[in-house]
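J.: For the protein sequence lines, the chains are A and B, in the order given. Note that the first sequence covers residues 483 to 832 in our numbering. Note that the second sequence covers residues 6 to 298 in our numbering.
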Amino acid sequence: MGIEVRGLTKTFGRFVALNDVSLRVESGELVALLGPSGSGKTTMLRIIAGLEAADSGSVLLDGEDATARNARDRGVGFVFQHYALFRHMTVFENVAFGLRVRPRARRPDETEIGKRVRQLLELVQLDFMADRRPSELSGGQRQRVALARALAVEPKVLLLDEPFGALDAKVRLELRQWLRRLHDEIHLTSVFVTHDQEEALELADRVAVLNHGVIEQEGTPEQVLEHPATPFVMSFLGTVNIFHGRVEAGRGIFGPLAVEYAVHADPAPRAAAAYTRPHEFDVSRSETGGGMWTILEESTPAGAMVKLELAVPDGPAIRAELGRDQFERLGLQPGDRVYVVPRKVRVFVN
Amino acid sequence: MNKEHLSEPRAVRWILTAIALGFVGLFLLVPLAAVFVEAFSKGLEAYAAAVTEADALSALRLTLLAAAIAVPANVVFGVAAGWAIGKFQFRGRQLLMTLIDLPFAVSPVISGLVFILLFGRQGWLGPWVLDHGIQVVFAVPGIVLATIFVSFPFVAREIIPIMEATGTEEEQAARVLGAGGLQMFVRVTLPNIKWGLMYGVILATARAMGEFGAVSVVSGHIRGVTNTLPLHVEILYNEYNAQAAFAVASLLACLALVTLVLKALVERRVRHAGAEAGRQAVEVMAWESKSGV
Chain A
483 MGIEVRGLTK TFGRFVALND VSLRVESGEL VALLGPSGSG KTTMLRIIAG LEAADSGSVL
543 LDGEDATARN ARDRGVGFVF QHYALFRHMT VFENVAFGLR VRPRARRPDE TEIGKRVRQL
603 LELVQLDFMA DRRPSELSGG QRQRVALARA LAVEPKVLLL DEPFGALDAK VRLELRQWLR
663 RLHDEIHLTS VFVTHDQEEA LELADRVAVL NHGVIEQEGT PEQVLEHPAT PFVMSFLGTV
723 NIFHGRVEAG RGIFGPLAVE YAVHADPAPR AAAAYTRPHE FDVSRSETGG GMWTILEEST
783 PAGAMVKLEL AVPDGPAIRA ELGRDQFERL GLQPGDRVYV VPRKVRVFVN
Chain B
6 MNKEHLSEPR AVRWILTAIA LGFVGLFLLV PLAAVFVEAF SKGLEAYAAA VTEADALSAL
66 RLTLLAAAIA VPANVVFGVA AGWAIGKFQF RGRQLLMTLI DLPFAVSPVI SGLVFILLFG
126 RQGWLGPWVL DHGIQVVFAV PGIVLATIFV SFPFVAREII PIMEATGTEE EQAARVLGAG
186 GLQMFVRVTL PNIKWGLMYG VILATARAMG EFGAVSVVSG HIRGVTNTLP LHVEILYNEY
246 NAQAAFAVAS LLACLALVTL VLKALVERRV RHAGAEAGRQ AVEVMAWESK SGV
C-alpha cells in the first residue's frame, strides 16, 4: 500500500515542525526520513500514523484520504523509539495484543492467536523468550518484540521511529541488516525515521532529507549522496570541506582553487561556496596542477583510511582522507608540504 | 575486616535507636494497648454490649456507608485527575494539582463549615435543596459530602506520579494496534497503575472512616441517625462511659490495623512497580542525554 502526504503543516506553539511537506512512498518501498533533531521527521511519521493531527494538509493511504481516520483504523504498524512495550505483559501477550483487541467478529480464536504469535516470534528469533517480561530483555530484543507486535496486526504500512536509536553500535548494525533482509522478504511499505545518515543510506530504497520542517531533497541514496541539492544535504550526509569564493563568467574561484562553472556564465560575480568531501582529494608530494599546497599537521589512522589535517596558508584547514597503503607509500610526516587536488567539487551559489 | 569507620559510633547508634523506639512505644503502642485494656476493663460481656448496642451499630453502618460512597467517588475522580495531570500538558494543570491538595491544607472543621455555608438553611444552595426535599446538613448526605471532601486527594496523589513516570507511549501503542478507548484503559493503563490505585484506596478508606472534624460539624450528632463511629466514641466519652467509648474505639483501631497490614503489603508491590517505571524512565533519559534529543 502506498503512502502519500500532501502539503502537511504542523506547528507546536510558535515552533514550525512541518512546513507544507509533500511526499510519496510507493507500495513496497523502504523510505528513510533523515534529518537532525527538530527537523520534523518524527512529527511527519506520527501524522502518517494518526498519532498527531496536522494543522493542514492530507494523508493518503492506498490512494484514499485517511486524514480524518483514527489511528486504530489506519492499518499501520508503528514501532516506537523506546519500543513502548506493555511492561506488565509477557512477550507473548505483547505480540498478541493487536489480535486480542479486535472486534469479536474479526478476532481469531485462541489457538489461531497462539500460532500467529509463535510464527512472529520465530520471525524475530525470539520464540524462546515468549514468557519473559519486557524488563528482562536486552534493548535489541525489545526492539524485535516491538516489531513483531507491530506486524501481528498485518499492517499495510510499517512506520519506525528511530528504530535503532537506543541500541549500541554492534547490535545496531546487526539489526539494520536483519531489517533490510526482512523487508526484502515481506515487501511491506515501510518508512523509518533516523538522524544517522549511514543508516538511512545503507537501509533505504529512497531517502528524504528534512531540515527545519521542509524536505530539502528526496531521492535514492546514490542521488542524495552524489548529487546533493542543497548545502544542507551535502553537509548533513558527511564531513565536508567548504571553500568560500565567487562565481563569474563560467568559472568558480575559491581562494587557490579555480573550477569550471558553466551554469553561471554572467560576468557579474556572485558569492558562492565549493564543497568537497575528505575522500575526494588527490594527495601528492609534487605539484600536479589545479590544486594547492598545504602543510600536513596531523594524521590519524581510522581503519583502512588515514585522516589528514592539512593547514592552508590563508584559509581554514582541510580535512582529507587517504587509503592507508597510499599514505605509507608517500611516507608522509607532520610538517611535510603536501599538494592536494579536489577530484570533485560541488558549487552552491548563495 | 573492621568497618567501624564506615558508620556512626556504637553509642550514637544505640541512642538513636532507643529514641525512635521510645517514641513509637510511648505515642503509638501504649495508647493502642490502652484502648484495648480499657475496652475490656469490665469484661467481655460489657464489651460485647457496647459494640452491639443499637446506636453503635448504626454508627458503624453509617461509617461504612460513608466510606463505601466516598471511596469509589474518590477512585473515579482520582483516576480522571491522574490521567489529565499525568498524561497531558494543559493550561491550569499546576492549579489543578494545587487544588487537589486543598483538603490537606484546610482544617477539617473548616471543610465541614463550608458545607454548612453551602447547604445550611441560610446557605447559598440550602433553600434550593430544601425546596426539593433534600436534607443535606445534619443528615446522611452532608456526612457523605464531608467525607468525600476530606479523602479527596489520596487516590489522585498516588496515581499522578505513576502516570507521569509511565508516560503515554504505551497508550499510543495500544491505539495504533487497534484498541478502543476502554480496551486501552482496561488492558494497558489500569494494570500499570493498579498498585498505586490500591494504595490510594486504602489511604482514602482509612481517612474516610476515621474522619472526625468535618463530619462532626455537619452531622448534628443525632444519635442513631447521623453519628459515625468517631462521633459515637466522643458522645460516649462525654457521657463518662469510658469503657463503652473505648470498646467502640477498639473497632476503629481494628479497622486501622487491617488497613495498616494491607497498606504494608501493597506498599511492597508499589515500590516494585515504581522502581520498574523509574528504571525505564532513567534509561530513556540517559539515552536522550547521550543522543542529544
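C-beta: ideal position from N, C-alpha, C; glycine also. As the structure is a prediction and not an experimental result, all values here were calculated from the model.
Using a beta-carbon distance cut-off of less than 7 Å, what residues from the region 258 to 274 of chain B approach chain A?
T.: Residues passing the 7 Å Cβ filter: none.
J.: How many angstroms separate the CA atom of A:Leu826 from the CA atom of A:Arg752?
T.: Checking the sequence, you will find Lys at residue 826 of chain A rather than Leu. Those two C-alpha atoms are separated by around 21 Å.
J.: Just confirm the distance between the C-beta atoms of B:Ala161 and B:Ala219, as a whole number of angstroms; I'd bet it's less than 8 Å.
T.: With 8 Å as the limit, B:Ala161 and B:Ala219 do not qualify as a contact, their Cβ atoms being about 18 Å apart.
J.: Helix, strand or coil for A:Trp775? Go by DSSP, reduced to three states.
T.: A:Trp775: strand per DSSP, three-state reduction.
J.: Anything in chain B within Cβ reach of A:His570, meaning under 8 Å, just list it in chain order.
T.: Within 8 Å Cβ-Cβ: Pro196 and Asn197.
J.: Nearest chain A C-beta to B:Val84 closer than 8 Å, yes or no?
T.: Chain A, which has no Cβ nearer than 8 Å to the Cβ of B:Val84, makes this no.
J.: Would you give the residue range spanned by the beta strand (DSSP E) that A:Ala754 belongs to?
T.: Counting along the chain, the beta strand (DSSP E) containing A:Ala754 begins and ends at Arg752 to Thr758.
J.: Mark B:Leu107 as exposed unless 16 or more other C-beta atoms lie within 10 angstroms of its C-beta, in which case mark it buried.
T.: Classification of B:Leu107: exposed, given that the 10 Å Cβ count is below 16.
J.: For my contact list, B:Glu176 and B:Val193 are in at a C-beta cut-off of 8 Å; report their separation, rounded to the angstrom.
T.: Going by Cβ atoms, the distance from B:Glu176 to B:Val193 rounds to 6 Å, so yes, they are a contact pair.
J.: Indicate whether at least one CB of chain A lies closer than 8 Å to the CB of B:Gln99.
T.: Chain A contact via Cβ: absent.
J.: In terms of residues, what are the limits of the beta strand (DSSP E) holding A:Ala799?
T.: Start and end: Gly797 to Gly805.
J.: Is the shortest distance between the beta-carbon of B:Glu174 and the beta-carbons of chain A less than 8 Å?
T.: Cβ-Cβ to chain A under 8 Å: yes for B:Glu174.
J.: Hey, A:Ala754 and A:Arg728 are a contact pair by Cβ (cut 8 Å); roughly how many whole angstroms apart?
T.: Contact holds; Cβ gap of about 6 Å.
J.: From the beta carbon of B:Gly147, is the nearest beta carbon of chain A less than 8 Å away?
T.: Chain A, which has no Cβ nearer than 8 Å to the Cβ of B:Gly147, makes this no.
J.: Report the residues of the region 537 to 571 of chain A with a CB closer than 7 Å to any CB of chain B, ordered along the chain.
T.: Those would be Ala553, Arg554, Val558, Phe560, Phe562, His564, Ala566, Phe568, Arg569 and His570, in chain order.
J.: Can you confirm whether A:Gly580, when its beta carbon is compared against all beta carbons of chain B, has any partner nearer than 8 Å?
T.: Judged by the 8 Å Cβ criterion, A:Gly580 is in contact with chain B.
J.: Note down the Cα distance separating A:Arg733 from A:Ser521, rounded to an integer number of angstroms.
T.: Rounded to the nearest angstrom, the two C-alpha atoms are 34 Å apart.
J.: Looking at chain A, is there any beta carbon in it that lies within less than 8 Å of the beta carbon of B:Gln248?
T.: No, its Cβ sits nowhere closer than 8 Å to a Cβ of chain A.
J.: Between the alpha carbons of A:Arg811 and A:Ile485, how many angstroms are there, rounded?
T.: Looking at the two C-alpha atoms, the distance is approximately 52 Å.
J.: Which residues, in chain order, does the region 525 to 536 of chain A contribute to contact with chain B at a C-beta distance below 8 Å?
T.: Correct list: Ala531, Gly532 and Leu533.
J.: Taking Cβ-Cβ distances shorter than 9 Å, what residues in chain B pair up with A:Arg584?
T.: The contacting residues are Gly183.
J.: Just mark A:Lys597 as buried or exposed, buried being the case when its beta carbon has 16 or more other beta carbons within 10 Å.
T.: The residue is exposed, with fewer than 16 neighbouring Cβ atoms inside 10 Å.
J.: Would you decide whether A:Val639 is buried or exposed? Buried here means 16 or more other CB atoms lie within 10 Å of its CB.
T.: Label assigned to A:Val639: buried.
J.: Quick check: B:Met168 and B:Gly48, are their CB atoms within less than 8 Å of each other?
T.: No, Cβ-Cβ distance for B:Met168 and B:Gly48 is not below 8 Å.
J.: Leaving aside the five residues before and after B:Gly138 along the sequence, list all residues of the same chain whose C-beta is less than 6 Å from its C-beta, in chain order.
T.: None.
J.: If you follow the alpha helix (DSSP H) that B:Met189 is in, where does it begin and where does it stop?
T.: Run containing B:Met189: Gly186 to Met189, per the alpha helix (DSSP H) assignment.
J.: Helix, strand or coil for A:Glu636, going by three-state DSSP, please let me know.
T.: Of the three classes helix, strand and coil, the one that applies to A:Glu636 here is coil, per DSSP.
J.: What residues in the region 150 to 177 of chain B have a beta carbon less than 7 Å from any beta carbon of chain A?
T.: Per Cβ criterion, the list reads Glu174, Glu175 and Gln177.
J.: Using a 10 Å radius around the Cβ and a threshold of 16 neighbouring Cβ atoms, would you call B:Asp136 buried or exposed?
T.: Exposed.
J.: Can you tell me whether B:Ala291 is buried or exposed, with buried defined as 16 or more other CB within 10 angstroms of its CB?
T.: Low confidence applies to B:Ala291: its pLDDT is 46, below 50, so where it sits in the model is not reliable, and the reading given next is rough at best. Classification for B:Ala291: exposed.
J.: Within the same chain, show all residues whose beta-carbon is closer than 6 Å to that of B:Gly297, passing over the 5 residues directly before and after it, in chain order.
T.: Note that B:Gly297 scores a pLDDT of 40, beneath 50, so its modelled location is shaky and nothing firm can be said.
J.: Considering only the alpha carbon of each residue, which of B:Leu70, B:Leu26 and B:Thr171 lies closest to B:Phe93?
T.: Comparing Cα positions, the closest option is B:Thr171.
J.: Taking the straight line between their C-alpha atoms, what separation do you get for A:Leu814 and A:Ile735?
T.: Those two C-alpha atoms are separated by around 29 Å.
J.: Assuming contact is defined by CB atoms lying nearer than 8 Å, are A:Leu516 and A:Val722 in contact in what I supplied?
T.: No.
J.: To the nearest angstrom, how far is it from the Cα of A:Ser519 to the Cα of A:Thr493?
T.: Computed Cα separation, rounded: 15 Å.
J.: For A:Val635 and chain B, any beta-carbon pair shorter than 8 Å?
T.: Closer than 8 Å: yes.
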